[in-house]
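Written out below as structure tokens is the structure these notes cover.
2 protein chains.
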Amino acid sequence: MKKKTTIYDIAEKLNLTAATVSRALNNNPKISEKTRELVQATAIEMNYEQNTLARALKSGKSFNVGVIVPRMDSNFFASVIRGIEEELYPKGYHVIVCQTHDQEELETGNIMSLLNAQVDGILMSISNSKTKNKIFNSLSQKRVPLIFFDRKKDISGVSSVTIDDYNGSYLATKHLIEQGCKRIAHLSNDRSLEIFKNRYLGYKQAIIDHGLEFDEDLVIETFSKVAEGRKVAKQLLNLASPPDAIFSSSDFTALGAIQEIKEQGFKIPEDISVVGFSNEPFTRFMELSITSVDQSPIEMGRKAAKVFLEEVDAKDSKKNPQQIVLQPELIVRKSSLKTNLEAI
Amino acid sequence: MKKKTTIYDIAEKLNLTAATVSRALNNNPKISEKTRELVQATAIEMNYEQNTLARALKSGKSFNVGVIVPRMDSNFFASVIRGIEEELYPKGYHVIVCQTHDQEELETGNIMSLLNAQVDGILMSISNSKTKNKIFNSLSQKRVPLIFFDRKKDISGVSSVTIDDYNGSYLATKHLIEQGCKRIAHLSNDRSLEIFKNRYLGYKQAIIDHGLEFDEDLVIETFSKVAEGRKVAKQLLNLASPPDAIFSSSDFTALGAIQEIKEQGFKIPEDISVVGFSNEPFTRFMELSITSVDQSPIEMGRKAAKVFLEEVDAKDSKKNPQQIVLQPELIVRKSSLKTNLEAI
DNA sequence: TTGTAAGCGTTATCAA
DNA sequence: TTGATAACGCTTACAA
Chain A
1 MKKKTTIYDI
11 AEKLNLTAAT
21 VSRALNNNPK
31 ISEKTRELVQ
41 ATAIEMNYEQ
51 NTLARALKSG
61 KSFNVGVIVP
71 RMDSNFFASV
81 IRGIEEELYP
91 KGYHVIVCQT
101 HDQEELETGN
111 IMSLLNAQVD
121 GILMSISNSK
131 TKNKIFNSLS
141 QKRVPLIFFD
151 RKKDISGVSS
161 VTIDDYNGSY
171 LATKHLIEQG
181 CKRIAHLSND
191 RSLEIFKNRY
201 LGYKQAIIDH
211 GLEFDEDLVI
221 ETFSKVAEGR
231 KVAKQLLNLA
241 SPPDAIFSSS
251 DFTALGAIQE
261 IKEQGFKIPE
271 DISVVGFSNE
281 PFTRFMELSI
291 TSVDQSPIEM
301 GRKAAKVFLE
311 EVDAKDSKKN
321 PQQIVLQPEL
331 IVRKSSLKTN
341 LEAI
Chain B
1 MKKKTTIYDI
11 AEKLNLTAAT
21 VSRALNNNPK
31 ISEKTRELVQ
41 ATAIEMNYEQ
51 NTLARALKSG
61 KSFNVGVIVP
71 RMDSNFFASV
81 IRGIEEELYP
91 KGYHVIVCQT
101 HDQEELETGN
111 IMSLLNAQVD
121 GILMSISNSK
131 TKNKIFNSLS
141 QKRVPLIFFD
151 RKKDISGVSS
161 VTIDDYNGSY
171 LATKHLIEQG
181 CKRIAHLSND
191 RSLEIFKNRY
201 LGYKQAIIDH
211 GLEFDEDLVI
221 ETFSKVAEGR
231 KVAKQLLNLA
241 SPPDAIFSSS
251 DFTALGAIQE
261 IKEQGFKIPE
271 DISVVGFSNE
281 PFTRFMELSI
291 TSVDQSPIEM
301 GRKAAKVFLE
311 EVDAKDSKKN
321 PQQIVLQPEL
331 IVRKSSLKTN
341 LEAI
């Protein structure tokens, strides 16, 4: 194996010491311009590449950050990761992505794996399962910055970047009301997670603010799968007084609901309007495009990465945890737009 | 900061040396059973965690492998990554995922980044652009195993795990012929990539084998975007003698084609049948579900990871590059299944 | 401005 | 079976 060039090789060739070479390479001020240029030129000539492992061992940093997401094949999370990459690559960091598949064991396991891999920080969106705080405490003990995005937990001292789910939900529900809908059902999700709790609350408040009757029977807790959406829609359609609109906290359940509604012969949006959440690409591509709430995931990723950079630089000084909240945008499409407003 | 426990701490507490502790922890045979148990118990008690960085520095390995994919938000690549994870996590490796977004600069940049991060190997699916062989040569010079999956390049000494695209294509085309289609168009893609060349060739051969006329005008090269599918379908429908079926090398272009066909008032599959490739989840979820070719991505990932493990263990001994080819499966759905065969 | 030397946490080699 | 020591490649006081 062709040995890699080290700073010793450069030092030897130039009759200097490794220390000087190291300084020259790192643009340390305590060095002459001439030496610096000579060293840097020689480094290029000899194909020198820094051994990041050694630097990491010495500095205690790995220049890797871990990103933990429930899954990476959703457009939302993939886009957040993209945003994180955009911000972190230029700073010399690498991004290790792990998926939890919403399983608590995997979530805990991933955190431990990443810690073991010496990541300099963890950016994560927590899973549905109620991961114990214990593991997060061990993170702060080790002084590994933890930043939540999208799905957070309230842990003191931990920063987060989320969207205003409450407002997104409020906007979506208000839109349905303005389209003339009177009995709006809500497909909720594990409300021990803030995002789903807030989506529920925003929905509820919009109903109340507009003088409609809030009916708890129209709120169903399910989870983000197409098949679940079908199942739940079936339940709703069987009610004595079925809804004339469904606002889902997930695009996937919205899709399932749409399939079921159409199959039972109802028209969308005329009979029943549907709105989803997340603005997954398929909501745009469907024959019946789906109204949804966009969460600006790239922006979310970039913001989370910036917070990480601040915290990792802050070292031992007291942390000022930030709670950044982005504003969502309602994208109106066919599934809820009644062109003739006679329905009102 | 609470200092991490090192083997020195354990050694000190037990009046041993770090070397002995290291041996005990690594189940080195040259140690007494008693010491081993004592050390291991103490390690647990003191919350010892191995510093993988130091181990990496010493061994020259990082226990990280890099995975490069065009994008991670397609079900296909996400599933391959899942397969790789399943195989590699138990062996103590971590997986660093990078996306190229089909840009050559990013592809080259990612490889260099990963090398700089000291990955022990790279598993990749190459991008559409014609990445220069130079970068791959530098990989083999550094003795970093490179394994291609799905989208490969023929480089001597490099292993690959692919599916039999030729056969998948052949099956899909044959299926359309059996459904009574006579003029089958093919949406191709950059044929400098083997997968798309093979899908083209399988299609062509099936046409010829079944006595149909092969018409080069029915083959259109495009790229994997929904909007492209629409555009290309428009072209095809404008032909003097339009096709009665479209076999697309991508589910995304198939989807676009379907949108356009329906918009122009044709019926699917009666007037025009459509088959895609990759078995993305949306092909199943659409109101009009789409026939597609499944590529068993998880299996592909696992196989690729296994090849990596073999190569990384082989050390300096001569490599025996493997070319593993998996068999695809045709999943027939509504977009091509004519229930009444009167069309024949 | 440059050199010396210690140290980051391991593992491997040699000696005891 | 265990201990002492060097080495992996780099950074950084401290000394010159």
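Protein chains in written order, with the working numbering: chain A, 1 to 344; chain B, 1 to 344. Backbone N, C-alpha and C define an ideal beta-carbon position, used for all residues, glycine too.
{"Asked": "Mind checking who residue 188 (chain B) pairs with in its DSSP beta bridge?", "Found": "B:221"}
{"Asked": "Along the chain, where does the alpha helix (DSSP H) containing residue 117 (chain A) start, and where does it finish?", "Found": "Counting along the chain, residue 117 (chain A) falls outside any alpha helix (DSSP H), and DSSP gives it neither H nor E."}
{"Asked": "Could you name the residues of chain B that residue 75 (chain A) contacts, counting a contact when the two beta carbons are closer than 7 Å?", "Found": "73"}
{"Asked": "Would a C-beta distance cut-off of 7 Å place residue 251 (chain A) and residue 181 (chain A) closer than the cut-off?", "Found": "no"}
{"Asked": "Residue 208 (chain A): buried (16+ other C-beta within 10 angstroms of its C-beta) or exposed?", "Found": "exposed"}
{"Asked": "Evaluate the contact criterion for the segment 265-277 of chain B versus the segment 165-183 of chain B: three or more CB pairs, one atom per stretch, below 8 Å.", "Found": "yes"}
{"Asked": "Quick one: which chain B residues come within Cβ less than 8 Å of residue 264 (chain A)?", "Found": "In chain order: nothing, as chain B lies at least about 14 Å away."}
{"Asked": "At what residue ranges does the segment 167-217 of chain B contain a whole run of the beta strand (DSSP E), taking only runs of 3 or more?", "Found": "184-188"}
{"Asked": "Rounded to the nearest angstrom, what separates residue 14 (chain A) and residue 32 (chain A) at their Cα positions?", "Found": "14 Å"}
{"Asked": "Note the first and the last residue of the continuous beta strand (DSSP E) segment covering residue 66 (chain A).", "Found": "64-69"}
{"Asked": "With 16 other CB atoms within 10 Å as the buried threshold, where does residue 105 (chain B) fall?", "Found": "exposed"}
{"Asked": "Count the other CB atoms within 10 Å of the CB of residue 26 (chain B); is the residue buried (16 or more) or exposed (fewer)?", "Found": "exposed"}
{"Asked": "Under 7 Å, Cβ to Cβ, is there at least one residue of chain A near residue 386 (chain B)?", "Found": "This structure cannot speak to residue 386 (chain B), because chain B is shown only from 1 to 344."}
{"Asked": "Got a sec: which bits of the segment 41-54 of chain B sit with their beta carbon under 8 Å from any beta carbon on chain A, in order along the chain?", "Found": "49, 50, 51, 52, 53 and 54"}
{"Asked": "One question on the structure: do residue 230 (chain B) and residue 290 (chain B) come within less than 7 Å of each other, judged by their Cβ atoms?", "Found": "no"}
{"Asked": "In angstroms, rounded to a whole number, what distance separates the CA positions of residue 280 (chain A) and residue 23 (chain B)?", "Found": "52 Å"}
{"Asked": "Could you work out which residue in B:282, B:42 and B:241 is closest to residue 226 (chain B) when comparing CA atoms only?", "Found": "B:282"}
{"Asked": "I'd like to know whether the C-beta atoms of residue 84 (chain A) and residue 314 (chain A) end up nearer to each other than 7 Å.", "Found": "no"}
{"Asked": "Residue 329 (chain B) lies in the beta strand (DSSP E); which residues open and close that run?", "Found": "329-331"}
{"Asked": "Using the Cα positions of residue 338 (chain A) and residue 330 (chain A), report the straight-line distance between them to the nearest angstrom.", "Found": "16 Å"}
{"Asked": "Thinking C-alpha only, which one of B:109, B:200 and B:224 is nearest residue 90 (chain A)?", "Found": "B:109"}
{"Asked": "Which chain B residues sit within Cβ distance under 7 Å of residue 57 (chain A)?", "Found": "53, 54 and 57"}
{"Asked": "Which complete alpha helix (DSSP H) runs does the segment 39-107 of chain B hold, if anything under 4 residues is left out?", "Found": "52-59 and 75-88"}
{"Asked": "Let's see if you can read the secondary structure: which residues bound the beta strand (DSSP E) around residue 258 (chain A)?", "Found": "Residue 258 (chain A) -> not in any beta strand (DSSP E); alpha helix (DSSP H) instead, spanning 251-263."}
{"Asked": "How many angstroms separate the CA atom of residue 223 (chain B) from the CA atom of residue 29 (chain A)?", "Found": "51 Å"}
{"Asked": "Among B:111, B:175 and B:93, which one has its Cα closest to the Cα of residue 69 (chain B)?", "Found": "B:111"}
{"Asked": "Which one of B:62, B:19 and B:18 has the shortest CA to CA distance from residue 312 (chain B)?", "Found": "B:62"}
{"Asked": "Using the rule of at least 16 other Cβ atoms within 10 Å of the residue's Cβ for burial, across every protein chain shown, is residue 8 (chain B) buried or exposed?", "Found": "exposed"}
{"Asked": "Quick one: Cα of residue 257 (chain B) to Cα of residue 164 (chain B), how far?", "Found": "25 Å"}
{"Asked": "Let me know the secondary structure DSSP gives residue 164 (chain A) once reduced to three states.", "Found": "coil"}
{"Asked": "Helix, strand or coil, according to DSSP, for residue 156 (chain B) in the structure here?", "Found": "coil"}
{"Asked": "Any idea if residue 198 (chain B) is buried or exposed, counting beta-carbon neighbours within 10 angstroms, 16 or more meaning buried?", "Found": "buried"}
{"Asked": "Sorted by chain position, which residues of the same chain lie with C-beta nearer than 7 Å to residue 264 (chain B)'s C-beta, five sequence neighbours on each side aside?", "Found": "237"}
{"Asked": "Please list the partners that residue 226 (chain B) has in chain A, where partner means a Cβ-to-Cβ separation under 7 Å.", "Found": "285"}
{"Asked": "Closer than 9 Å, Cβ to any Cβ of chain B: which residues of the segment 106-129 of chain A, in chain order?", "Found": "109, 112, 113, 114, 115, 116, 117 and 118"}
{"Asked": "Straight-line CA distance for residue 221 (chain A) to residue 188 (chain A)?", "Found": "4 Å"}
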